[in-house]
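**Student:** Could you have a look at this structure, given as structure tokens, before my questions?
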Amino acid sequence: MERLFDLDFQLLHDAILTAVSVFFLFMFLSYLLFDPVHEMLKKRREKIQNDIDSAKKDREDADALKNEYEDKLKNADAEVDEILADARKRATANENHIIADAKEEAARILKQAQAEAELEKEKARDEIKKEMIDIASLMAGKVVGDKMDVTIQDALVEETLKEVGDKTWQS
Numbered sequence: 045m046e047r048l049f050d051l052d053f054q055l056l057h058d059a060i061l062t063a064v065s066v067f068f069l070f071m072f073l074s075y076l077l078f079d080p081v082h083e084m085l086k087k088r089r090e091k092i093q094n095d096i097d098s099a100k101k102d103r104e105d106a107d108a109l110k111n112e113y114e115d116k117l118k119n120a121d122a123e124v125d126e127i128l129a130d131a132r133k134r135a136t137a138n139e140n141h142i143i144a145d146a147k148e149e150a151a152r153i154l155k156q157a158q159a160e161a162e163l164e165k166e167k168a169r170d171e172i173k174k175e176m177i178d179i180a181s182l183m184a185g186k187v188v189g190d191k192m193d194v195t196i197q198d199a200l201v202e203e204t205l206k207e208v209g210d211k212t213w214q215s
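Residue numbering for the sequence shown follows our numbering, starting at 45 and increasing by one per position.
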């Protein structure tokens with residue numbers, strides 16, 4: 045009997061046995077190789093997912109810090125304005141204080157100058173009085189020395205008054 049494709053029992057038996065062997069070999073290798081590879085891939089996938097989650101968390105933290113720093117910058121601008129306003133107030137107060145001190149100093153200097161002028165006037169008056177006394181002494185000496193009469197004495201007084209001047213007597 046002629047066989048189609050030379051299929052005989054032995055060939056079928058060998059084919060089934062080979063298929064079963066390949067199946068068991070596949071299962072065995074799957075257990076030995078595929079499971080560890082799947083496990084390794086699973087761990088790798090988890091690590092990548094953890095890295096992604098960590099990156100997201102870090103980005104959220106960075107965004108929060110950025111917002112916080114922006115708020116601080118806005119507050120810093122307001123704080124700078126407040127400090128500058130306070131410094132301006134203090135400078136104005138200091139300026140007013142300096143002006144008041146300067147006015148007081150000027151008033152004191154004016155008073156001192158007036159007092160010095162009064163002292164100079166008194167000194168000038170004293171000098172004029174001394175000169176008049178000296179003149180009167182000279183006149184008295186001339187009168188006593190020359191034995192003057194009243195007309196000569198009146199003439200000497202008039203002459204003395206003209207020398208000293210009318211303004212000296214009025215001031």
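Positions of the beta carbon are idealized from the N, C-alpha and C atoms, including for glycine.
So for D130, helix, strand or coil by DSSP?
**Tutor:** It is helical.
**Student:** Report buried or exposed for L85, applying the criterion of at least 16 other Cβ atoms within 10 angstroms of its Cβ.
**Tutor:** L85 comes out exposed.
**Student:** Hey, L200 and M183 are a contact pair by Cβ (cut 8 Å); roughly how many whole angstroms apart?
**Tutor:** L200 to M183, Cβ: 5 Å. Contact.
**Student:** Rounding to the nearest angstrom, what Cα-Cα distance links T204 and I179 in this structure?
**Tutor:** One C-alpha to the other measures close to 8 Å.
**Student:** Residue range of the alpha helix (DSSP H) that F67 falls in?
**Tutor:** Element bounds for F67: 53 to 73.
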